[in-house]
Every structure is written in C-alpha cells, then in structure tokens.
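In the working numbering, the protein residues as written are 22 to 389.
Written as structure tokens, this is what we have:
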C-alpha cells in the first residue's frame with residue numbers, strides 16, 4: 022500500500038499599515054489642541070464702569086504695556102480729590118485695577134415751598150417729591166426729575182407752589198337760612214343751616230346734614246340739606262299699643278316703640294323712625310293673635326258605669342251622683358235561676374259519663 026501526504030499551505034498575512042493608526046492619533050491631537058484654551062499674549066477688553074467710559078474707541082487687541090484712558094460719563098463729574106483715570110495691560114495679561122473716579126452731578130438745590138415741603142435727592146437721575154400742609158393745595162407738578170441738560174443737569178419742570186384751599190358758598194335753600202354770608206370760605210370752615218318757621222300748621226324739618234365743611238378746593242363735605250314738612254301717620258297697628266314716643270303728631274326722625282295687647286304677638290320691628298319721605302322706617306309691624314291652646318277636656322267614656330262626680334271650686338255642698346242603668350240590669354231573677362240550673366245539670370251529666378267509663382274499664386281489668 023502506498024501512502025501519500027501533502028503539506029497544508031496557508032495564505033501569507035498582510036502586514037498592517039502603521040499609517041492608519043498614526044493618522045487617527047494625529048486627528049485626535051489636533052482636536053485636543055483646538056479644545057485646549059489658547060494662551061495669547063494679550064489682555065481682554067478694558068473693564069466697564071458705571072460712571073466712566075473709554076476716552077478713545079476700543080482696539081481689537083491690547084498687549085502688555087498698552088494703556089487706556091477713561092473720562093466721566095454725561096451727568097457725572099470727577100471725584101475730589103481726583104482719582105486715576107487710566108489703566109495699563111500688565112505682563113500677566115490683566116488690567117491694572119481701577120476705581121470709580123466720577124460721581125453724579127447735582128441739580129440746583131430746591132427749597133421748601135411756603136406752606137409745604139420737598140423730599141428727595143438732588144443728584145442726577147433722582148426724583149424730588151413736593152407736598153403741601155393741610156389746608157393748602159399744590160399748584161404745579163408734584164414730582165421733579167433731575168435730567169441731562171446740554172453739558173450739565175437740570176430739573177425737568179419748574180417747582181410747584183402751595184395755595185390756600187378755598188370754597189365758594191354752598192348756596193341757599195328754600196325755607197332755610199345759613200349762619201354766615203361770605204364770598205369765599207377757607208379750608209375747614211363750617212356753614213350751618215337752619216329752617217325758617219312754617220306759616221302752616223306743620224313745622225319744617227331739616228332733612229340732611231345741618232353742618233357743611235369746606236374739605237377741598239370748592240368741595241363741601243356734603244350736599245346742602247332741605248327744609249320741608251315731614252309728617253308720618255299714627256304708627257300703632259290694630260291690637261297694638263305705644264310703648265314709648267307718645268304723641269299725637271310724628272315728624273322727621275321721631276322714634277317710637279310698639280307692642281301688642283294681651284293675646285297678640287308682634288311680627289316685625291319693635292322700633293321705627295319717621296323717615297324723610299313721611300314714611301316709617303323700617304316698615305310698621307303687625308299684631309298677630311296668639312293661637313288658642315289645645316283643649317284639656319277629657320274624652321267621653323263609652324263604658325257603662327258611674328260617672329265621676331265633680332264639685333265646683335269654692336263650695337262645700339255635695340253634688341248628687343247619678344248611676345247609669347243599662348238594659349241588662351232589668352233581667353228577672355227567674356231567668357238567672359234557669360241559667361244556673363242548666364249549668365249544674367250539664368256538669369252532672371259530664372261527671373256521670375266519666376264515672377261510667379271508669380267502672381267499665383276497671384271491670385275488664387279484674388277479669389283478666
């Protein structure tokens with residue numbers, strides 16, 4: 022037998038190119054370079070301040086040793102003693118520290134007006150508030166603003182002033198008079214109204230406020246009152262009575278209290294007032310009859326027998342009693358005797374039957 026063998030051949034492995042791996046590393050390094058913060062030899066933009074601004078237009082970059090100058094913003098002025106207005110880009114790429122070197126300008130000072138006062142600051146951008154004492158009113162704007170004005174600052178409007186509050190006369194009323202006749206009234210002055218005597222049988226009533234006060238410029242505390250006849254009707258309802266406020270005539274603001282007679286109760290308000298329209302306020306009450314109590318008389322009995330006797334209060338005389346007799350009480354004695362004999366005979370028959378049955382049963386027992 023002949024044996025043959027063959028060698029197994031494998032394909033040669035292709036060597037890996039180092040370029041692909043190194044290219045990946047290179048790309049990664051480039052990305053990292055862009056991601057890392059770059060350090061440049063320059064300062065950031067110059068710092069900003071509330072009271073100062075750059076004197077010259079800003080540059081794109083500032084290198085160490087470069088300096089910038091500041092000046093006061095409009096509405097501001099140099100602080101005294103003056104502070105430095107320039108800053109230098111330092112070797113560590115930071116700006117030399119700088120403080121606010123300017124402060125707000127002041128508007129012309131404002132004095133308190135006559136019979137008033139002013140509050141607030143006089144600095145640029147502030148507001149001053151005016152007010153007047155009691156009895157005076159402000160003429161002009163109550164607030165002033167300190168604003169820019171050309172190269173400086175000034176108040177936007179002229180200051181106001183205070184004037185005394187006055188009222189025109191409130192006017193006369195029909196059938197009435199006032200305590201004074203003036204062309205003008207000052208703040209808090211009072212005018213008093215009264216009614217004239219009536220020429221008829223009924224007096225005039227003053228409806229409204231009798232005292233008016235000047236409380237603002239041509240403003241009175243209330244409208245003038247009226248003088249007119251106010252007469253309310255007699256207020257007592259049927260079955261009622263007066264508890265207070267007795268009289269025969271009832272006029273404006275008269276007050277009465279009402280009640281009801283025995284056996285009635287009051288429905289409504291107990292106290293009423295005669296109103297300006299000759300009507301009682303609130304509405305007059307009514308007297309309602311008290312409902313009768315339920316009857317306490319005992320019911321009539323249907324059972325035969327003697328009727329209880331009653332005796333009037335306050336008397337010692339006996340009251341004769343009566344006995345009710347039913348038809349059954351009229352049965353004769355013979356009928357009753359027959360019934361008794363019948364019952365006795367029935368009992369005897371029953372007893373005899375029982376004895377006969379007993380002896381018969383006993384005889385059968387002895388013969389066995």
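Note that CB positions come from ideal geometry on N, CA and C, so glycine has one too.
Closer than 8 Å to chain B by CB, residue i
i	result
residue 79	Of the protein chains in the structure, only one exists, and it is not chain B.
Rounded C-alpha distance that separates residue i from residue j
i	j	result
residue 66	residue 79	8 Å
residue 57	residue 115	The pLDDT assigned to residue 57 is 44, lower than 50, so where the model puts this residue is not dependable; a value taken from the coordinates is nonetheless given after this. Residue 57 and residue 115: Cα-Cα distance of roughly 20 Å.
residue 157	residue 95	38 Å
residue 287	residue 293	13 Å
residue 161	residue 152	11 Å
residue 200	residue 133	38 Å
residue 214	residue 188	17 Å
residue 230	residue 127	53 Å
residue 83	residue 165	44 Å
residue 159	residue 143	20 Å
residue 139	residue 131	8 Å
residue 276	residue 154	43 Å
residue 261	residue 278	11 Å
residue 69	residue 163	36 Å
residue 71	residue 118	15 Å
residue 240	residue 190	10 Å
residue 236	residue 174	39 Å
residue 259	residue 222	28 Å
residue 358	residue 364	10 Å
residue 303	residue 291	10 Å
residue 62	residue 172	40 Å
residue 267	residue 255	10 Å
residue 438	residue 168	Residue numbering for the chain in the displayed model covers 22 to 389; residue 438 lies beyond these limits and cannot be assessed.
Pair within 8 Å by beta-carbon distance, residue i and residue j
i	j	result
residue 299	residue 251	yes
residue 197	residue 224	no
residue 186	residue 120	no
residue 310	residue 289	no
residue 148	residue 141	yes
residue 308	residue 271	no
residue 209	residue 234	yes
residue 195	residue 248	yes
residue 227	residue 246	yes
residue 99	residue 123	yes
Own chain residues within Cβ distance below 7 Å of residue i, not counting five before or after
i	result
residue 269	none
residue 125	96, 97, 144, 145 and 146
residue 12	Since the first and last residues shown for the chain are 22 and 389, residue 12 lies out of range.
residue 76	90, 91 and 92
residue 297	228, 251 and 273
Per-residue burial, residue i [other beta carbons within 10 Å of its own, 16 or more giving buried]
i	result
residue 368	exposed
residue 170	exposed
residue 145	buried
residue 112	exposed
residue 273	buried
residue 212	buried
residue 104	exposed
residue 101	exposed
residue 253	buried
residue 281	buried
residue 375	exposed
Same chain only: Cβ atoms within 6 Å of residue i, ignoring 5 sequence neighbours per side
i	result
residue 87	110
residue 360	none
residue 372	none
Spatial neighbours of residue i in its chain, beta-carbon cut-off 8 Å, leaving aside the 5 residues before and after
i	result
residue 243	229, 230 and 233
residue 73	91, 92, 93, 94, 97, 106, 121, 122 and 123
residue 129	143, 175 and 176
**Asked** Pairing CB atoms from the segment 204-213 with CB atoms from the segment 167-180, are three or more of them under 8 Å?
**Response** no
**Message:** Check whether the segment 82-91 and the segment 103-121 touch, using three or more Cβ-Cβ pairs below 8 Å as the test.
**Reply:** yes
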